[in-house]
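These notes concern the structure reproduced below.
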Amino acid sequence: MSKSSRRFWLMKSEPNCFSIDDLAAMPDRREHWDGVRNYQARNLLRDEIKVGDGVLFYHSNIPSPAIVGVAKVVREGYPDFTALDPTSDHFDPKATQETPIWYMVDIEYVATFEHPLDREALRRHPLLAEMGVLKKGNRLSVQPVTFEQWQTVLEVAGLPHLVEV
DNA sequence: GCCAACGTTGGC
DNA sequence: GCCAACGTTGGC
Numbered sequence: 002m003s004k005s006s007r008r009f010w011l012m013k014s015e016p017n018c019f020s021i022d023d024l025a026a027m028p029d030r031r032e033h034w035d036g037v038r039n040y041q042a043r044n045l046l047r048d049e050i051k052v053g054d055g056v057l058f059y060h061s062n063i064p065s066p067a068i069v070g071v072a073k074v075v076r077e078g079y080p081d082f083t084a085l086d087p088t089s090d091h092f093d094p095k096a097t098q099e100t101p102i103w104y105m106v107d108i109e110y111v112a113t114f115e116h117p118l119d120r121e122a123l124r125r126h127p128l129l130a131e132m133g134v135l136k137k138g139n140r141l142s143v144q145p146v147t148f149e150q151w152q153t154v155l156e157v158a159g160l161p162h163l164v165e166v
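111 is the number that the numbering used here gives to position 110 of the first sequence; each next residue is one higher, with no gaps.
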């Protein structure tokens with residue numbers, strides 16, 4: 002098989018909450034992507050996102066929102082235990098062991114861009130201007146990215162060798 | 001801080 | 001099942 006079946010995603014995080022530096026600083030450079038409380042994103046985490054998929058790490062809710070680096074999926078959808086934890090900010094009283102409702106995946110740090118790709122840079126590029134993250138009102142915290150967009154982001158970021166990582 | 005867009009909730 | 005009210009997201 003010449004074409005791999007892996008897919009590509011963009012995941013948003015507020016860096017004040019969890020940044021790419023935080024991911025890189027984890028002991029094994031891995032962390033679970035918890036706290037997603039939107040059904041559309043939940044369905045992606047539970048059903049679509051597979052081990053080996055590529056992740057564009059996006060920092061939101063800051064003066065200059067941007068794609069700041071790359072990660073990869075190392076564990077597929079499993080119940081988001083923070084929904085069961087009454088002390089968690091992400092606690093959901095409707096979630097139970099039997100019906101967890103919310104799911105998460107684990108990702109592993111791959112690289113940080115020397116120069117983050119901000120929204121202006123994305124808009125400037127014909128292939129990237131179509132990305133969901135640029136669309137007005139798009140609030141999905143996990144969203145699909147095409148291979149072409151993935152490849153282009155890595156090329157623009159000066160890390161073309163990571164396209165196949 | 002503003003506000004548009006969106007998702008969820010709950011009365012009816 | 002409709003829809004208004006509300007809360008949240010997130011760029012600017």
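Note that the Cβ used here is the ideal one computed from N, Cα and C, for glycine as well.
### Task
Just tell me which of Leu-46, Ala-67, Pro-145 has its CA closest to the CA of Ile-21.
Residue 21 sits at position 20 when you count from the first residue of the first sequence. That would be Ala-67, whose Cα lies nearest to the Cα of Ile-21.
### Query
Can you check whether the CB of Val-111 is closer than 7 Å to the CB of Ala-72?
Here residue 72 refers to the residue found at position 71 when the first sequence is read from its first residue. Here residue 111 refers to the residue found at position 110 when the first sequence is read from its first residue. Yes, these two residues count as a Cβ contact at 7 Å.
#### Entry: Given Glu-49 as reference, the closest of Tyr-79, Glu-32, Thr-83, Glu-109 once Cα atoms are compared
For the purposes of this step, residue 49 is taken as the residue at position 48 of the first sequence. Considering only Tyr-79, Glu-32, Thr-83, Glu-109, the residue with the shortest C-alpha distance to Glu-49 is Tyr-79.
#### Entry: Range of the contiguous beta strand (DSSP E) that encloses Ala-72
Residue 72 sits at position 71 when you count from the first residue of the first sequence. Per DSSP, the continuous beta strand (DSSP E) segment holding Ala-72 begins and ends at 67 to 80.
### Message
Does the contact criterion of 3 or more C-beta pairs under 8 Å hold for the region 118 to 125 versus the region 22 to 36?
### Response
Touching, no, given that fewer than three Cβ pairs across the two stretches are closer than 8 Å.
### Query
Going straight from the alpha carbon of Ser-65 to that of Tyr-59, what length do you get?
For the purposes of this step, residue 65 is taken as residue 64 along the first sequence, with counting starting at 1. For the purposes of this step, residue 59 is taken as residue 58 along the first sequence, with counting starting at 1. Cα to Cα, Ser-65 sits roughly 11 Å from Tyr-59.
### Query
Could you give the distance in angstroms between the alpha-carbon of Leu-57 and the alpha-carbon of Pro-94?
To locate residue 57, count along the first sequence from 1; it is residue 56. To locate residue 94, count along the first sequence from 1; it is residue 93. Taking the straight line joining both Cα atoms gives about 31 Å.
### Task
Let me know if Thr-83 comes out buried or exposed under the rule of 16 or more other beta-carbons within 10 Å of its beta-carbon.
Here residue 83 refers to the residue found at position 82 of the first sequence. The residue in question, Thr-83, is buried, as its Cβ has 16 or more Cβ neighbours within 10 Å.
### Message
Closer than 8 Å is the cut-off here; do at least three beta carbon pairs connect the region 129 to 136 with the region 33 to 52?
### Response
Segment contact: the region 129 to 136 against the region 33 to 52, fewer than three CB-CB distances shorter than 8 Å; contact not assigned.
### Query
Which runs of the beta strand (DSSP E), 3 residues or longer, sit entirely within the region 7 to 56?
Here the runs fully enclosed are 9 to 14, 31 to 33.
### Straight-line Cα distance separating Val-146 from Tyr-40
Taking the first sequence and counting its residues from 1, the one referred to as residue 40 is at position 39. Taking the first sequence and counting its residues from 1, the one referred to as residue 146 is at position 145. The straight-line gap from Cα to Cα measures roughly 18 Å.
### Contacts around Asp-81, its chain only, beta-carbon distance under 6 Å, and the 5 residues preceding and following it disregarded
Indexing the first sequence from 1 puts residue 81 at position 80. Excluding sequence neighbours, Asp-81 sits near Asp-35, Trp-103, Tyr-104, Met-105.
### DSSP state of Phe-92 mapped onto helix, strand, coil
Translated into the one-based positions of the first sequence, residue 92 becomes position 91. Correct three-state label for Phe-92: coil.
### Task
On a CA-only basis, which of Asn-62, Glu-165, Leu-45 is nearest Glu-1? Give me that one, please.
Absent from the structure is residue 1, since the part of the chain shown begins at 2 and ends at 166.
### Query
Can you give the Cα-Cα distance for Ser-3 and Glu-156, rounded to whole angstroms?
By 1-based counting over the first sequence, the position of residue 3 is 2. By 1-based counting over the first sequence, the position of residue 156 is 155. Any reading at Ser-3 must be qualified, since the residue scores a pLDDT of 41, below 50, and its modelled position is unreliable; no value is offered.
### Message
Quick check on Thr-88: buried or exposed, where buried means 16 or more other Cβ atoms within 10 Å of its Cβ?
### Response
Counted from its first residue, the first sequence places residue 88 at position 87. By the 10 Å Cβ count, Thr-88 comes out exposed.
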